[in-house]
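First residue of the sequence shown? That's 1 in the UniProt record's numbering, and the numbers climb one at a time after it. Here a beta-carbon is modelled for each residue, glycine too, at the ideal position from N, C-alpha and C. Predicted model only: the values in this text are computed from it and were never measured.
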Amino acid sequence: MSIVSMQCSLRRVLPKNYTAVNSVASRYFSSSSQSNGAEVRRAVLENGVTIIAGPKSNDTLASAGVFVKAGSAYENHSTHGCAHYLRRFLYKSTNRVSGLRITRSIETVTASFAAENTPESLMYRALFQHEHLGTALALMGDVLRPRLAEWEFRDVRNLVKYDVNERKSNKEDRVLDAVRHTAFGGVGLGRSPLCPEHNINEIYPEHVAEYTLGRVVGSNITVVGNVRDHEKFQEAVANAFGALPKDPEVSIDAPETSPYVGGTTLVCDGPGSAYVEAYSTGSSNPKAAFAQQILAEILGFYTPHNVSPSDRVSSRLGKSLVGSNVSQARTFLMNDSQQLFGIQAFGNTPCRDLAESVHKQLTSLADNISEEEFNTAMNIVSVRNRLRNDRREVLLGTVARVDENTAKEFGGEVTASDVRDVAKKLLESKPTIYASGDLAQLPKFAF
Numbered sequence: 001m002s003i004v005s006m007q008c009s010l011r012r013v014l015p016k017n018y019t020a021v022n023s024v025a026s027r028y029f030s031s032s033s034q035s036n037g038a039e040v041r042r043a044v045l046e047n048g049v050t051i052i053a054g055p056k057s058n059d060t061l062a063s064a065g066v067f068v069k070a071g072s073a074y075e076n077h078s079t080h081g082c083a084h085y086l087r088r089f090l091y092k093s094t095n096r097v098s099g100l101r102i103t104r105s106i107e108t109v110t111a112s113f114a115a116e117n118t119p120e121s122l123m124y125r126a127l128f129q130h131e132h133l134g135t136a137l138a139l140m141g142d143v144l145r146p147r148l149a150e151w152e153f154r155d156v157r158n159l160v161k162y163d164v165n166e167r168k169s170n171k172e173d174r175v176l177d178a179v180r181h182t183a184f185g186g187v188g189l190g191r192s193p194l195c196p197e198h199n200i201n202e203i204y205p206e207h208v209a210e211y212t213l214g215r216v217v218g219s220n221i222t223v224v225g226n227v228r229d230h231e232k233f234q235e236a237v238a239n240a241f242g243a244l245p246k247d248p249e250v251s252i253d254a255p256e257t258s259p260y261v262g263g264t265t266l267v268c269d270g271p272g273s274a275y276v277e278a279y280s281t282g283s284s285n286p287k288a289a290f291a292q293q294i295l296a297e298i299l300g301f302y303t304p305h306n307v308s309p310s311d312r313v314s315s316r317l318g319k320s321l322v323g324s325n326v327s328q329a330r331t332f333l334m335n336d337s338q339q340l341f342g343i344q345a346f347g348n349t350p351c352r353d354l355a356e357s358v359h360k361q362l363t364s365l366a367d368n369i370s371e372e373e374f375n376t377a378m379n380i381v382s383v384r385n386r387l388r389n390d391r392r393e394v395l396l397g398t399v400a401r402v403d404e405n406t407a408k409e410f411g412g413e414v415t416a417s418d419v420r421d422v423a424k425k426l427l428e429s430k431p432t433i434y435a436s437g438d439l440a441q442l443p444k445f446a447f
C-alpha cells in the first residue's frame, strides 16, 4: 500500500466517527442500574459502560482499571493482531493530545500505568493519588482513541515485532501458544494474544481504526476503581467515557466460536524434549475454579535448577521427579472463558519419559487425594489469593471478572470430595497434547 493510498484510507475511515471520548456527561447515568452492595457498587452509563467501585476505598493510593472486551478471540485471520497494535499505542498521540503530552501527563499524574492484552480483554491499569482521579480517568479514556498517525504507526510496528520475537524466543510461551492452538482448533481462543508473524506487515492504521470503532464501544467496556468517593468516581468515568457510542459504529463480523476440540500436536525439534497434557475445564463457576487451584497446588511444580526458600518441595511433581532428567515441570491454568488445566514438562530425555510421568500424575488426581494433602493445598491457595488481591492491580482484575450471580452461588466451602469430582470431570474431556523433541515410542494415550 502506498503512502498516498494509506492517507486516503485514513481520511475515509477516521474523521467523523473516530473522535475523542471525554465529555461532561453526568446525564449518561442510568439510575436503575445502581447496585449498592456493602463493598462493591455497580452502575451502568446509558452508553453501556459498566462502572464498578471496588472494596479498597481507604487505600493510600487510588487505582483504576479499564477492561475492554477486545482481543484475539474476537479477531479473524486478517485482523488478528489489531488488539496487540492498539495496546502498543499507549504512549502515542490521541485524538485530543500529542504523544509527548500524554506521556508527560502519565508520568506526572500516575504512580504506574500499564496496558496488557489477552485473548479476551484489552486492559489498562493505573495507580494515582486520590486527588488526581479525574485527570487519571481522562487519560485512560484518551488512550482508547489513538490518532494512528503514520509516523507513529511505524514505531508501533517495530514494538509489535519486538513483542512477537520475545515470545517466540521463550520456549514455554511458544509451547503454550501451540497448546492453545490445538485445544481450540486455531480459531477464537485458539489464537495467540499477540499479532502473528504473517500479519505484522499486513495491518495498517485503517484496520486498527475499524477494529477500534467496532470493539472499543461502551457496551464492551468495564471501568473498575478503588477510590474513596464512589459518587465522584462515577462522575469522573462519565466525563471520560460518556461520549463513547454504545454499539459498534462500523459493521463487524460475528466473533468466531471457540469450541474445545483437543487433539495432538507432534513436533520433531530439539535440543531437549517438551510434553504438555491439558484438559478442558469448561466455563468454571467460582467453586470449581477454586477446586482447580487446589488441584494445581497439589501437583505443584519441579524446578531443580532454580530453587527458592518459598518452594514447596513436598508437592507431587516435586517429590516424584527428583533424580530424573526432567529440567522443569509445572501445572498451568489458562484462565479464559473456557479454561485449560494441565502440566507442561521439559527435559533432556525422550519425550515418552516426560509423557509417562505427566500422565501418571494427572490420572492419579481423581482417586488419590488425602485429607491432609487437601487441607495443606487449600490453606496455601487461600493465603495466596488473599495476598494477590492485596495487590491493587490484581484486585482490579478480580473485581472486573466476578459475576454477581455465580459468586452468590458459591456460599459453602470446598471439600476434598469436591476437588476429586472436579478432577474426574477434567479427565473425562478429550486431552490436548503437545509433544516435541525425541518422539520415539510415545505411549498410546498421546495419540
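DSSP places residue 79 in no alpha helix (DSSP H); its state is neither H nor E. CA-to-CA, the gap between residue 293 and residue 58 works out to about 30 Å. Secondary structure at residue 445: helix, using DSSP grouped into helix, strand and coil. Going by beta carbons, residue 342 and residue 326 fall outside the 8 Å limit.
Looking at the backbone, the Cα of residue 83 and that of residue 70 are separated by about 7 Å. Taking one beta carbon from each stretch, the region 156-168 and the region 94-105 have fewer than 3 pairs nearer than 8 Å; the two do not touch.
Take residue 62, set aside five residues on each side of it, and the residues of its chain with a beta-carbon closer than 8 Å to its own are 127, 128, 129, 130, 132, 133, 136, 225, 226, 227, 228, in chain order.
Its Cα nearest to that of residue 72, the residue 188 stands out among 188, 111, 176, 143. Taking C-alpha positions only, residue 152 is separated from residue 94 by approximately 11 Å. In this structure residue 235 is buried. Its beta-carbon is surrounded by 16 or more other beta-carbon atoms within 10 angstroms.
DSSP places residue 238 within a helical segment (H, G or I) once states are collapsed to three. In this structure, the beta-carbon distance from residue 303 to residue 211 does not fall below 8 Å. Within the region 407-441, the complete alpha helix (DSSP H) runs of at least 4 residues fall at 416-428. With the rule of 3 Cβ pairs closer than 8 Å, the region 173-192 does not count as touching the region 205-219. In the structure shown, residue 292 adopts helical secondary structure according to DSSP, grouped into three states.
In chain order, 47, 217, 218 place their CB closer than 7 Å to the CB of residue 245, counting only its own chain and leaving out the 5 sequence neighbours on each side. Under the three-state reduction of DSSP output, residue 344 falls in the strand class. With fewer than three CB-CB distances shorter than 8 Å, the region 252-259 does not count as touching the region 423-432. Counting along the chain, no alpha helix (DSSP H) covers residue 116; the unbroken beta strand (DSSP E) around it starts and ends at 110-118. For residue 327, the uninterrupted beta strand (DSSP E) segment begins and ends at 326-334. The count of Cβ pairs closer than 8 Å, one atom from the region 139-147 and one from the region 286-301, stays below three, leaving the stretches out of contact. A straight line joining the alpha-carbon of residue 114 with that of residue 392 spans about 12 Å. In the structure shown, residue 149 falls within a coil segment according to DSSP collapsed to helix, strand and coil. Contact between the region 316-325 and the region 345-362 is present: 3 or more CB-CB pairs across the two stretches fall below 8 Å. For residue 211, the enclosing alpha helix (DSSP H) covers residues 205-215. In the DSSP assignment, residue 380 falls within the unbroken alpha helix (DSSP H) covering 371-389. Its Cα nearest to that of residue 331, the residue 344 stands out among 387, 275, 344, 289. The residues 80, 81, in chain order, have a CB closer than 7 Å to that of residue 196 in the same chain once the five nearest residues on each side in sequence are set aside. For residue 172, the uninterrupted alpha helix (DSSP H) segment begins and ends at 171-183. When C-alpha distances from residue 280 are compared across 250, 270, 262, the shortest belongs to 262.
Only buried fits residue 206, as 16 or more other CB atoms lie within 10 angstroms of its CB. Taking all protein chains in view, the Cβ of residue 56 is crowded by 16 or more other Cβ atoms within 10 Å, so the residue is classified as buried. Here DSSP, grouped into helix, strand and coil, assigns residue 47 to coil. Following the DSSP letters along the chain, one finds residue 394 in no beta strand (DSSP E) but inside the alpha helix (DSSP H) bounded by residues 392-401.
Of the candidates 319, 164, 167, the residue whose Cα lies closest to the Cα of residue 301 is 319.
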